[in-house]
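Novice: In order, the protein sequences belong to chains A and B. So the mapping is simple: the numbering used here equals the position in the first sequence, first residue as 1, plus 58. So the mapping is simple: the numbering used here equals the position in the second sequence, first residue as 1, plus 7. Sharing a structure, written as structure tokens. Questions coming.
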Amino acid sequence: MQLTGTTTLLVALKAEAQPLIDHYRLKSVQQHPFPIYANEQLKIVITGIGKCPSAAALAHTAAFFSILPNHIWINFGIAGHKDHAIGTAVAVSKVISKSSRQTWYPNLIKLPNTLVKPLTTHDAVVDDYVDDTLCDMEAAGFMSAGSSLHIKNECLFVFKLISDNKLSHAKNITKSLVVEIVKTHIPTLEALIKKAEMRVQDARNFELELGSELFEKWHFSQTQKSQLREGIRRFKALDKQTLWQDMELNNCATAKDVIENLNRRLQKLLPKF
Amino acid sequence: MFSFIYVEKRIEKHPRTLKILSQFPKSTVITCEHYGEIFNRHQQDFRIQKKDPCLILAEKHNKRIMPAPAEYGLNTTHNYYFSHMLNCIYDCRYCFLQGMFQSAHNVIFVNYEDFIEDIRALAVKTKEPMWFYSGYDCDSLALDPITEFSKSFIEEISSIDNAFLELRTKSTQVRKLLEMKPRNNVICAFSLSPAAVIKTLEHQTPSLAARLSAAKKLQLAGWPVALRLDPIVFIENFRAEYTFLIEQITEQLDFKTLHSITIGAFRLPKGFFKTVKNLYPEEPLFSSQFSSDNGQVSYVKSTEKKILDWCEESLKNHNNCPSIYRQTLN
Numbered sequence: 059m060q061l062t063g064t065t066t067l068l069v070a071l072k073a074e075a076q077p078l079i080d081h082y083r084l085k086s087v088q089q090h091p092f093p094i095y096a097n098e099q100l101k102i103v104i105t106g107i108g109k110c111p112s113a114a115a116l117a118h119t120a121a122f123f124s125i126l127p128n129h130i131w132i133n134f135g136i137a138g139h140k141d142h143a144i145g146t147a148v149a150v151s152k153v154i155s156k157s158s159r160q161t162w163y164p165n166l167i168k169l170p171n172t173l174v175k176p177l178t179t180h181d182a183v184v185d186d187y188v189d190d191t192l193c194d195m196e197a198a199g200f201m202s203a204g205s206s207l208h209i210k211n212e213c214l215f216v217f218k219l220i221s222d223n224k225l226s227h228a229k230n231i232t233k234s235l236v237v238e239i240v241k242t243h244i245p246t247l248e249a250l251i252k253k254a255e256m257r258v259q260d261a262r263n264f265e266l267e268l269g270s271e272l273f274e275k276w277h278f279s280q281t282q283k284s285q286l287r288e289g290i291r292r293f294k295a296l297d298k299q300t301l302w303q304d305m306e307l308n309n310c311a312t313a314k315d316v317i318e319n320l321n322r323r324l325q326k327l328l329p330k331f
Numbered sequence: 008m009f010s011f012i013y014v015e016k017r018i019e020k021h022p023r024t025l026k027i028l029s030q031f032p033k034s035t036v037i038t039c040e041h042y043g044e045i046f047n048r049h050q051q052d053f054r055i056q057k058k059d060p061c062l063i064l065a066e067k068h069n070k071r072i073m074p075a076p077a078e079y080g081l082n083t084t085h086n087y088y089f090s091h092m093l094n095c096i097y098d099c100r101y102c103f104l105q106g107m108f109q110s111a112h113n114v115i116f117v118n119y120e121d122f123i124e125d126i127r128a129l130a131v132k133t134k135e136p137m138w139f140y141s142g143y144d145c146d147s148l149a150l151d152p153i154t155e156f157s158k159s160f161i162e163e164i165s166s167i168d169n170a171f172l173e174l175r176t177k178s179t180q181v182r183k184l185l186e187m188k189p190r191n192n193v194i195c196a197f198s199l200s201p202a203a204v205i206k207t208l209e210h211q212t213p214s215l216a217a218r219l220s221a222a223k224k225l226q227l228a229g230w231p232v233a234l235r236l237d238p239i240v241f242i243e244n245f246r247a248e249y250t251f252l253i254e255q256i257t258e259q260l261d262f263k264t265l266h267s268i269t270i271g272a273f274r275l276p277k278g279f280f281k282t283v284k285n286l287y288p289e290e291p292l293f294s295s296q297f298s299s300d301n302g303q304v305s306y307v308k309s310t311e312k313k314i315l316d317w318c319e320e321s322l323k324n325h326n327n328c329p330s331i332y333r334q335t336l337n
């Protein structure tokens, strides 16, 4: 499956995903084991409720789809808090697993009209709202899987919308309420995605395109392949005007000739004392 | 300046924490147990973080004052370094901190009193001069208006008879020093580079003119000032660029009263070089001709020698040249 989306949202419920699927006109690309909707830029994975499904969905998506370096992962959805009004947007600063007491610090980006709060992931629905943290059932699974898969911390975000509080418990959450609060915050979510994308953008660009097409024309040993890659990197760094592909290589009989040719070009680019 | 500030729980009521936080009323404060939870954990990307680093306020528990690496001092016997901060607000492409830390966040250790106590404890062990260098893991003065580092440390350390303090900086934040009486045992060492190097490699740093102006103000006020041409970068038109730099130095500053000038060509520990090159593969600096010796990457020996010989000679061509120290890899 060749999707090159640059951001993936993991949500627990279809109701959390539906307003986004409609807004971004996402197409269904998979139904099992996790429903996935996507366009070229964005993927939404419906993970189901709980830490394990959330972790499994992240691992599945990372394993089975073409994910670019510095892909952005966002755990998005509803959460409870004792005081905050329903519909409040919260960027999560710290995720605590209630059962294991493990903690993670997701990345943060300053967003308009958005609080910054820690969150506790519980194993079951809670209605006592004891402390000043948000409560959900997925974020710890998401962060734990992200960490295990060596996803850069700068690429992991947890963004929640308050759906229940001391005055209106979780049992009062309806599908239409969820759809409504998600719809309201699409612009904020979009701002998060755009800012996150911008941060990683230039770190992404240079990781592409390092001469693998030459491997088909000449036989390179592993050492020569790495010499070639390093040579092309240096050439691109030192001469930003010339395409390395424009180098005259047709006279080269062997891979060794190609590398020597490249090294001669590099010598000419270096300053002389 | 900082959107988010992490504060260790145990120092959230520390007077210095409160004072620093009061200068960032728009920042969001997040408490943590230990700065290591945020700083330098695995799977961080220095380059991405550098675009919007956070500030972390923490307490330094141990290893506050460390013996300085052999090549670090000014031909003196007892050399130590300390860092009240980790990382730097500037973004110099050659900086070894990019290779040393996985995190680009800025840490300030607020327990200055513990650092000073450790310095006092070390200084009483000998009557010989003892040098303490600040600015190894950070720029000593770049955040001085916020940290009040200079005020807190200079007053204490200058009262120790055999202690010398060197503050290494690229910043122009000398106001707090100018408010104080100059001390003979406190040297402010400015890192200078040609404008072309500043433009291409020392991102977000003050201009050469601004640095020279700050150094001149300190000289006029009676403070000992040292200069550091380190790292010297072998750029296109190397001689012309560095000749012009040396001319500007001799024109702007009182050359005769400079404490010293340290010169050193660009070099990095091998592991750090690899990390930084992977972070910025498109950077021309990391595409020069280097050699790798004793775990260090530097210009090939013959080039390095030519660079340093030429710089030393060019400096000595001017009258009243102060002591010149070379920082090389032995």
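Positions of the beta carbon are idealized from the N, C-alpha and C atoms, including for glycine.
Using CA atoms only, rank isn't needed, just tell me which of Glu74(A), Thr246(A) and Ala121(A) is closest to proline 91(A).
Specialist: The sequence position of residue 91(A) within the first sequence is 33, counting from 1. The candidate whose alpha carbon is nearest that of proline 91(A) is Ala121(A).
Novice: Helix, strand or coil, according to DSSP, for tryptophan 276(A) in the structure here?
Specialist: Translated into positions along the first sequence, residue 276(A) becomes position 218. Reduced to three states, the DSSP call for tryptophan 276(A) is coil.
Novice: Extract the residue ranges of the alpha helix (DSSP H) inside the segment 87–126 of chain B, only unbroken runs of 4 or more that lie entirely within it.
Specialist: Within the segment 87–126 of chain B, the complete alpha helix (DSSP H) runs of at least 4 residues are 104–107.
Novice: Of all the CB atoms in chain A, is at least one closer than 9 angstroms to the CB of histidine 49(B)?
Specialist: If you number the second sequence from 1, residue 49(B) lands on position 42. For histidine 49(B), the answer is yes, since a Cβ of chain A falls inside 9 angstroms of its Cβ.
Novice: Counting only beta-carbon separations shorter than 9 angstroms, does asparagine 211(A) have a partner in chain B?
Specialist: As a working mapping, residue 211(A) is identified with position 153 in the first sequence. At least one chain B Cβ lies under 9 angstroms of asparagine 211(A).
Novice: Could you tell me whether any Cβ in chain B is nearer than 9 angstroms to the Cβ of isoleucine 125(A)?
Specialist: For the purposes of this step, residue 125(A) is taken as the residue at position 67 of the first sequence. Chain B contact via Cβ: absent.
Novice: Here's a check: name, in chain order, each residue in its chain whose Cβ is nearer than 6 angstroms to the Cβ of lysine 206(B), leaving out the five neighbours to either side.
Specialist: For the purposes of this step, residue 206(B) is identified with residue 199 of the second sequence, where counting begins at 1. So the list is empty, once near-sequence residues are dropped.
Novice: Closest Cβ-Cβ distance between serine 321(B) and chain A: below 9 angstroms?
Specialist: Looking up residue 321(B) in the second sequence gives position 314. Cβ-Cβ to chain A under 9 angstroms: no for serine 321(B).
Novice: Can you check DSSP and say which residues form a bridge with glycine 138(A)?
Specialist: Looking up residue 138(A) in the first sequence gives position 80. Answer is Cys193(A) and Asp222(A).
Novice: Would you say lysine 218(A) reaches chain B, if we count a Cβ-Cβ gap shorter than 9 angstroms as a contact?
Specialist: As a working note, residue 218(A) is residue 160 in the first sequence. Output row for lysine 218(A): interface = no.
Novice: If we define contact as Cβ-Cβ less than 9 angstroms, is phenylalanine 387(B) a contact residue for chain A?
Specialist: For chain B, the structure presents residues 8 to 337; residue 387(B) sits outside this window and is missing.
Novice: Whole angstroms are fine: how far does the CA of leucine 62(B) sit from the CA of asparagine 113(B)?
Specialist: Stepping through the second sequence from its first residue, residue 113(B) is reached at position 106. Stepping through the second sequence from its first residue, residue 62(B) is reached at position 55. Taking the straight line from one Cα to the other gives about 5 angstroms.
Novice: At 8 angstroms on the CB atoms, spell out the chain A contacts of aspartate 300(B), in chain order.
Specialist: Residue numbering aside, residue 300(B) sits at position 293 when the second sequence is read from its first letter. Result: empty, since nearest Cβ-Cβ is about 19 angstroms, beyond 8 angstroms.
Novice: Please confirm whether lysine 283(A) and phenylalanine 273(A) have their CB atoms less than 9 angstroms apart.
Specialist: Within the first sequence, residue 283(A) is the residue found at index 225, counting from 1. Within the first sequence, residue 273(A) is the residue found at index 215, counting from 1. Contact flag set, yes.
Novice: Using beta carbons (cut-off 9 angstroms, strictly below), is aspartate 125(B) in contact with chain A?
Specialist: Numbered from 1 along the second sequence, position 118 holds the residue referred to as residue 125(B). False, the Cβ-Cβ gap to chain A never drops below 9 angstroms.
Novice: May I ask which residues mark the beginning and end of the beta strand (DSSP E) holding phenylalanine 297(B)?
Specialist: Residue mapping note: residue 297(B) aligns to position 290 of the second sequence, counting from 1. Element bounds for phenylalanine 297(B): 297–300.
Novice: By the three-class DSSP mapping on this structure, what secondary structure does alanine 203(A) have?
Specialist: The count along the first sequence starts at 1 and reaches residue 203(A) at position 145. Helix.
Novice: Compare the C-alpha of lysine 58(B) against each of Leu150(B), Gln211(B), Ser220(B) and Gly302(B) and name the closest.
Specialist: Here residue 58(B) is taken as the residue at index 51 of the second sequence, counted from 1. Minimum Cα distance to lysine 58(B) is reached at Gln211(B).
Novice: So proline 32(B) contacts chain A; which residues on that side make the cut at Cβ distance below 8 angstroms?
Specialist: Walking along the second sequence from the start, residue 32(B) turns up at place 25. By Cβ distance, chain A contributes nothing, its closest Cβ being about 14 angstroms from proline 32(B), past 8 angstroms.
Novice: Using the beta-carbon count (16 or more within 10 Å), is leucine 61(A) buried or exposed?
Specialist: Along the first sequence, one-based indexing puts residue 61(A) at 3. The predicted model places leucine 61(A) with a pLDDT of 44, which falls under 50 and marks its position as unreliable; any figure quoted below should be read in that light. By the 10 Å Cβ count, leucine 61(A) comes out buried.
Novice: Just to confirm before moving on: does the CB-CB distance between valine 36(B) and isoleucine 18(B) stay below 9 angstroms?
Specialist: Residue numbering aside, residue 36(B) sits at position 29 when the second sequence is read from its first letter. Residue numbering aside, residue 18(B) sits at position 11 when the second sequence is read from its first letter. Taking 9 angstroms as the Cβ cut-off, valine 36(B) and isoleucine 18(B) do not qualify as a contacting pair.
Novice: Examine chain B for any beta-carbon lying closer than 9 angstroms to the beta-carbon of serine 202(A), and answer yes or no.
Specialist: Counted from its first residue, the first sequence places residue 202(A) at position 144. Chain B, which has no Cβ nearer than 9 angstroms to the Cβ of serine 202(A), makes this no.
Novice: Is there contact here, the segment 123–136 of chain A with the segment 64–80 of chain A, by at least three beta-carbon pairs under 8 angstroms?
Specialist: Because the criterion of three Cβ pairs below 8 angstroms is met, the segment 123–136 of chain A and the segment 64–80 of chain A touch.
Novice: Taking only beta-carbon atoms, is serine 294(B) less than 9 angstroms away from chain A?
Specialist: Translated into positions along the second sequence, residue 294(B) becomes position 287. So yes, serine 294(B) belongs to the interface.
Novice: Against chain A, which members of the segment 262–293 of chain B pass a CB distance test of less than 9 angstroms?
Specialist: Cβ contacts with chain A: Lys284, Leu286, Tyr287, Pro288, Glu289, Glu290, Pro291, Leu292 and Phe293.
Novice: Enumerate in chain order the residues of its own chain whose CB-to-CB distance from glycine 145(A) is below 7 angstroms, with the five nearest sequence positions on each side excluded.
Specialist: Within the first sequence, the letter at position 87 stands for residue 145(A). Counting only Cβ-Cβ distances below 7 angstroms, and skipping sequence neighbours, we find Leu219, Ile220, Ile239 and Thr242.
Novice: Which runs of the alpha helix (DSSP H) at least 4 residues long sit entirely within the segment 297–330 of chain B? Give them in chain order.
Specialist: The qualifying runs are 308–323.
Novice: Note the first and the last residue of the continuous alpha helix (DSSP H) segment covering lysine 241(A).
Specialist: Counting from one through the first sequence, the residue named residue 241(A) turns up at place 183. 233–242 is the extent of the alpha helix (DSSP H) around lysine 241(A).
Novice: Alpha carbon to alpha carbon, how far is leucine 192(A) from valine 148(A)?
Specialist: The sequence position of residue 192(A) within the first sequence is 134, counting from 1. The sequence position of residue 148(A) within the first sequence is 90, counting from 1. About 9 angstroms.
Novice: Could you please give the first and the last residue of the uninterrupted beta strand (DSSP E) stretch that includes phenylalanine 197(B)?
Specialist: In the second sequence, residue 197(B) corresponds to position 190, counting from 1. Where phenylalanine 197(B) is concerned, the enclosing beta strand (DSSP E) stretches over 193–198.
Novice: Alpha carbons only, please: which of Ile136(A), Ala114(A), Ser124(A) and Ile107(A) is nearest the one belonging to alanine 96(A)?
Specialist: Taking the first sequence and counting its residues from 1, the one referred to as residue 96(A) is at position 38. Residue Ser124(A) is the option with its Cα nearest to alanine 96(A).
Novice: Thinking C-alpha only, which one of Lys330(A), Leu214(A), Gly138(A) and Lys252(A) is nearest asparagine 230(A)?
Specialist: The residue labelled residue 230(A) in the question sits at position 172 within the first sequence. Of Lys330(A), Leu214(A), Gly138(A) and Lys252(A), the residue nearest in Cα terms is Gly138(A).
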